[in-house]
Amino acid sequence: MYAVISREKIQLPAGTVVRMPGTWEDYCALRDSRGDGSIPRIKFRDGEILLMSPMPRHGREAHVLARVVEILLDSDDRNYEAFTPITMDIPEARGIEPDYCFYINNWQSAVGKDRIDWQTDPPPDLVIEIDVTTYTAAEDYAPYRVPEVWLFKKSGLKIYSLQGEAYQPQPSSRFFPETDLPALVAQIFQSAPEQGSGAALRSLRQQLTK
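If you want our numbering, it's the position in the sequence shown, counting the first as 1, plus 5.
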(Lines of atoms letter the chains of each structure in order from A and count residues from 1; the text may use other names and numbers.)
(Lines give C-alpha, C1' and ligand atoms only; values in the text may rest on other atoms or scores of the structure.)
Protein backbone atom coordinates (compact mmCIF):
# COMPACT_ATOMS: atom_id res chain seq x y z
CA MET A 1 0.00 0.00 0.00
CA TYR A 2 1.38 3.36 -1.08
CA ALA A 3 1.48 6.35 1.24
CA VAL A 4 3.41 9.59 1.16
CA ILE A 5 3.41 11.78 4.26
CA SER A 6 5.19 15.11 4.56
CA ARG A 7 4.50 18.61 5.77
CA GLU A 8 3.94 19.68 2.17
CA LYS A 9 1.54 16.99 0.96
CA ILE A 10 -0.28 13.93 2.27
CA GLN A 11 -1.37 11.10 0.01
CA LEU A 12 -3.12 8.07 1.49
CA PRO A 13 -5.15 5.34 -0.23
CA ALA A 14 -8.78 5.18 0.86
CA GLY A 15 -9.22 3.18 4.04
CA THR A 16 -5.64 3.76 5.23
CA VAL A 17 -4.87 4.59 8.85
CA VAL A 18 -1.40 5.80 9.84
CA ARG A 19 -0.16 6.32 13.39
CA MET A 20 3.10 8.08 14.12
CA PRO A 21 4.75 10.05 16.92
CA GLY A 22 4.56 13.80 16.55
CA THR A 23 4.40 17.16 18.27
CA TRP A 24 1.64 19.74 18.29
CA GLU A 25 3.65 21.70 15.72
CA ASP A 26 3.82 18.62 13.47
CA TYR A 27 0.07 18.16 13.77
CA CYS A 28 -0.64 21.79 12.89
CA ALA A 29 1.69 21.64 9.87
CA LEU A 30 0.04 18.49 8.53
CA ARG A 31 -3.44 19.87 9.17
CA ASP A 32 -2.65 23.14 7.42
CA SER A 33 -1.01 21.39 4.46
CA ARG A 34 -4.47 20.25 3.29
CA GLY A 35 -5.48 23.81 2.50
CA ASP A 36 -9.25 23.95 2.11
CA GLY A 37 -9.50 20.16 1.96
CA SER A 38 -10.44 17.81 4.78
CA ILE A 39 -8.75 14.59 3.64
CA PRO A 40 -7.01 12.84 5.20
CA ARG A 41 -8.64 13.25 8.58
CA ILE A 42 -6.03 14.11 11.22
CA LYS A 43 -6.11 13.54 14.96
CA PHE A 44 -3.59 14.46 17.66
CA ARG A 45 -3.46 13.00 21.16
CA ASP A 46 -0.77 12.14 23.70
CA GLY A 47 2.15 12.91 21.39
CA GLU A 48 0.72 10.80 18.57
CA ILE A 49 -0.64 11.83 15.18
CA LEU A 50 -3.26 9.67 13.49
CA LEU A 51 -4.20 10.07 9.84
CA MET A 52 -7.14 8.36 8.14
CA SER A 53 -8.28 8.50 4.53
CA PRO A 54 -12.02 7.70 4.54
CA MET A 55 -13.68 5.28 2.15
CA PRO A 56 -16.86 6.26 0.25
CA ARG A 57 -19.07 4.37 2.72
CA HIS A 58 -17.70 6.59 5.49
CA GLY A 59 -19.21 9.74 4.02
CA ARG A 60 -22.43 7.99 3.03
CA GLU A 61 -23.06 6.62 6.51
CA ALA A 62 -22.21 9.94 8.16
CA HIS A 63 -24.64 11.69 5.82
CA VAL A 64 -27.46 9.24 6.67
CA LEU A 65 -26.97 9.54 10.44
CA ALA A 66 -26.87 13.34 10.24
CA ARG A 67 -30.09 13.35 8.21
CA VAL A 68 -31.74 11.12 10.82
CA VAL A 69 -30.84 13.64 13.52
CA GLU A 70 -32.15 16.54 11.44
CA ILE A 71 -35.41 14.77 10.64
CA LEU A 72 -36.02 13.93 14.30
CA LEU A 73 -35.23 17.50 15.39
CA ASP A 74 -37.39 19.00 12.65
CA SER A 75 -40.30 16.75 13.58
CA ASP A 76 -40.25 18.31 17.05
CA ASP A 77 -39.67 21.87 15.74
CA ARG A 78 -36.37 22.06 17.63
CA ASN A 79 -33.64 24.50 16.68
CA TYR A 80 -30.11 23.31 16.10
CA GLU A 81 -26.80 24.14 14.44
CA ALA A 82 -24.79 21.47 12.60
CA PHE A 83 -21.18 21.45 11.37
CA THR A 84 -19.08 19.34 9.00
CA PRO A 85 -16.18 19.34 8.50
CA ILE A 86 -14.92 20.95 11.67
CA THR A 87 -11.70 20.79 13.67
CA MET A 88 -11.88 20.67 17.45
CA ASP A 89 -8.60 21.42 19.16
CA ILE A 90 -7.10 22.22 22.52
CA PRO A 91 -3.73 23.88 21.77
CA GLU A 92 -0.68 21.76 22.59
CA ALA A 93 -2.86 18.88 23.77
CA ARG A 94 -5.58 17.58 21.43
CA GLY A 95 -6.99 17.82 17.93
CA ILE A 96 -9.85 15.88 16.36
CA GLU A 97 -12.24 16.13 13.42
CA PRO A 98 -15.69 14.60 13.97
CA ASP A 99 -17.75 13.45 11.01
CA TYR A 100 -20.67 15.59 12.19
CA CYS A 101 -21.48 17.63 15.27
CA PHE A 102 -24.75 19.16 16.43
CA TYR A 103 -25.55 21.95 18.83
CA ILE A 104 -29.03 21.19 20.16
CA ASN A 105 -29.52 22.44 23.71
CA ASN A 106 -26.74 24.99 23.17
CA TRP A 107 -27.64 25.92 19.60
CA GLN A 108 -27.70 29.63 20.37
CA SER A 109 -24.05 29.57 21.43
CA ALA A 110 -23.01 28.50 17.91
CA VAL A 111 -25.27 30.69 15.77
CA GLY A 112 -23.32 32.91 13.39
CA LYS A 113 -19.90 31.95 14.71
CA ASP A 114 -16.99 31.55 12.32
CA ARG A 115 -14.71 30.23 15.05
CA ILE A 116 -15.31 28.35 18.27
CA ASP A 117 -12.97 28.45 21.25
CA TRP A 118 -13.00 24.85 22.47
CA GLN A 119 -11.60 25.88 25.84
CA THR A 120 -14.24 28.47 26.70
CA ASP A 121 -17.29 28.00 24.43
CA PRO A 122 -19.84 25.24 25.03
CA PRO A 123 -19.00 21.99 23.17
CA PRO A 124 -21.36 20.39 20.65
CA ASP A 125 -24.18 18.49 22.32
CA LEU A 126 -23.81 15.55 19.94
CA VAL A 127 -20.94 14.18 17.88
CA ILE A 128 -21.33 11.53 15.18
CA GLU A 129 -18.42 9.30 14.18
CA ILE A 130 -18.29 6.52 11.59
CA ASP A 131 -15.78 3.93 12.78
CA VAL A 132 -14.88 1.68 9.86
CA THR A 133 -11.19 1.37 10.74
CA THR A 134 -11.11 1.55 14.60
CA TYR A 135 -9.81 5.10 14.12
CA THR A 136 -11.87 6.67 16.87
CA ALA A 137 -13.39 6.10 20.30
CA ALA A 138 -15.94 7.98 22.38
CA GLU A 139 -13.22 8.75 24.95
CA ASP A 140 -11.50 11.00 22.41
CA TYR A 141 -14.20 13.59 23.13
CA ALA A 142 -13.94 13.55 26.93
CA PRO A 143 -11.46 16.48 27.02
CA TYR A 144 -14.03 18.57 25.15
CA ARG A 145 -16.87 17.51 27.47
CA VAL A 146 -19.18 16.53 24.59
CA PRO A 147 -22.34 15.20 26.31
CA GLU A 148 -23.15 12.48 23.77
CA VAL A 149 -21.22 10.57 21.11
CA TRP A 150 -22.65 8.25 18.47
CA LEU A 151 -20.31 5.65 16.98
CA PHE A 152 -21.51 3.73 13.96
CA LYS A 153 -19.71 0.44 13.37
CA LYS A 154 -20.42 -2.75 11.45
CA SER A 155 -22.32 -3.96 14.50
CA GLY A 156 -24.61 -0.93 14.34
CA LEU A 157 -25.12 2.35 16.18
CA LYS A 158 -23.64 2.70 19.66
CA ILE A 159 -24.68 5.62 21.87
CA TYR A 160 -22.36 6.92 24.58
CA SER A 161 -23.20 9.47 27.26
CA LEU A 162 -20.60 11.38 29.28
CA GLN A 163 -20.96 10.38 32.91
CA GLY A 164 -18.47 12.27 35.05
CA GLU A 165 -15.12 11.82 33.29
CA ALA A 166 -15.97 8.76 31.18
CA TYR A 167 -18.44 7.68 28.53
CA GLN A 168 -20.98 4.99 29.28
CA PRO A 169 -23.01 3.07 26.66
CA GLN A 170 -26.69 3.92 26.64
CA PRO A 171 -29.76 2.23 25.09
CA SER A 172 -31.17 5.58 23.94
CA SER A 173 -30.18 9.17 23.25
CA ARG A 174 -30.80 11.92 25.79
CA PHE A 175 -32.02 14.05 22.88
CA PHE A 176 -34.46 11.45 21.51
CA PRO A 177 -35.37 9.32 24.55
CA GLU A 178 -38.54 7.91 22.99
CA THR A 179 -36.81 6.67 19.83
CA ASP A 180 -35.07 3.30 19.48
CA LEU A 181 -32.26 4.76 17.43
CA PRO A 182 -30.16 1.59 16.94
CA ALA A 183 -33.22 -0.19 15.52
CA LEU A 184 -34.25 2.80 13.40
CA VAL A 185 -30.76 3.23 11.93
CA ALA A 186 -30.46 -0.51 11.26
CA GLN A 187 -33.78 -0.43 9.41
CA ILE A 188 -32.70 2.48 7.23
CA PHE A 189 -29.42 0.83 6.24
CA GLN A 190 -31.11 -2.50 5.60
CA SER A 191 -33.54 -0.87 3.18
CA ALA A 192 -30.96 1.41 1.54
CA PRO A 193 -29.48 -1.20 -0.89
CA GLU A 194 -32.90 -1.62 -2.52
CA GLN A 195 -34.46 1.83 -2.12
CA GLY A 196 -31.42 4.03 -1.74
CA SER A 197 -30.76 5.98 1.43
CA GLY A 198 -32.70 8.99 0.13
CA ALA A 199 -35.92 6.98 -0.17
CA ALA A 200 -35.44 5.49 3.30
CA LEU A 201 -34.94 8.94 4.79
CA ARG A 202 -37.97 10.38 2.98
CA SER A 203 -40.03 7.52 4.36
CA LEU A 204 -38.89 8.38 7.89
CA ARG A 205 -39.75 12.05 7.40
CA GLN A 206 -43.20 11.16 6.07
CA GLN A 207 -43.89 8.87 9.03
CA LEU A 208 -43.00 11.61 11.50
CA THR A 209 -45.05 14.31 9.78
CA LYS A 210 -48.30 12.35 9.60
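Glycine included, C-beta positions come from ideal geometry on N, C-alpha and C.
Where residue i falls, given that 16 or more other Cβ within 10 Å makes a residue buried
| i | result |
| --- | --- |
| E53 | exposed |
| L36 | It should be noted that the sequence gives Arg, not Leu, for residue 36. So R36 counts as buried. |
| L17 | buried |
| E66 | buried |
| V116 | exposed |
| T214 | exposed |
| A143 | buried |
| G169 | exposed |
| R12 | Because the pLDDT at R12 is just 48, under 50, the model does not fix this residue reliably, and the value given afterwards should be weighed accordingly. Answer is exposed; the Cβ neighbour count stays below 16. |
| D41 | exposed |
| Y32 | buried |
| T28 | exposed |
| Q211 | exposed |
Inter-residue CB distance, residue i and residue j (contact presumed, cutoff 8 Å)
| i | j | result |
| --- | --- | --- |
| P26 | I95 | With 8 Å as the limit, P26 and I95 do not qualify as a contact, their Cβ atoms being about 19 Å apart. |
| I133 | D104 | 5 Å |
| S4 | I193 | Only positions 6 to 215 of the chain appear in the structure, and residue 4 is not among them; the question remains open. |
| R24 | L55 | 5 Å |
| F180 | I91 | At roughly 19 Å, the Cβ-Cβ gap does not stay under 8 Å, so F180 and I91 are not in contact. |
CB contact flag (residue i, residue j, <8 Å)
| i | j | result |
| --- | --- | --- |
| E102 | I47 | yes |
| K118 | D136 | no |
| P237 | S166 | For residue 237 there is no data in the structure shown, the boundaries of the chain being 6 and 215. |
| S114 | D122 | no |
| L131 | L162 | no |
| A205 | S196 | yes |
| V190 | V73 | yes |
| R39 | D145 | no |
| R150 | P128 | yes |
| S202 | V69 | yes |
Among the options, nearest to residue i - alpha-carbon criterion
| i | options | result |
| --- | --- | --- |
| P112 | T92, E86, G20 and F49 | Note that residue 112 is Trp in the sequence shown here, rather than Pro. Minimum Cα distance to W112 is reached at E86. |
| Q124 | Q211, M93, T184 and S208 | M93 |
| S58 | V22, G201 and S178 | V22 |
| V106 | D79, S80 and A71 | Checking the sequence shown, residue 106 turns out to be Cys, not Val. That would be A71, whose Cα lies nearest to the Cα of C106. |
| I20 | D81, F88 and G64 | Looking at the sequence provided, one finds Gly at residue 20 rather than Ile. Measuring from the Cα of G20, the nearest candidate turns out to be G64. |
| P45 | F88, L156 and M60 | M60 |
| R207 | N84, Y172, S80 and F88 | S80 |
Bridge-paired residues (DSSP) for residue i
| i | result |
| --- | --- |
| M57 | V22 and R46 |
| S166 | E153 and Q173 |
| A87 | F107 |
| D145 | Beta-bridge pairing links D145 to no other residue. |
| I101 | M93 |
| G224 | Nothing can be reported for residue 224: it is not among the residues displayed for the chain, which extend from 6 to 215. |
| E134 | L156 |
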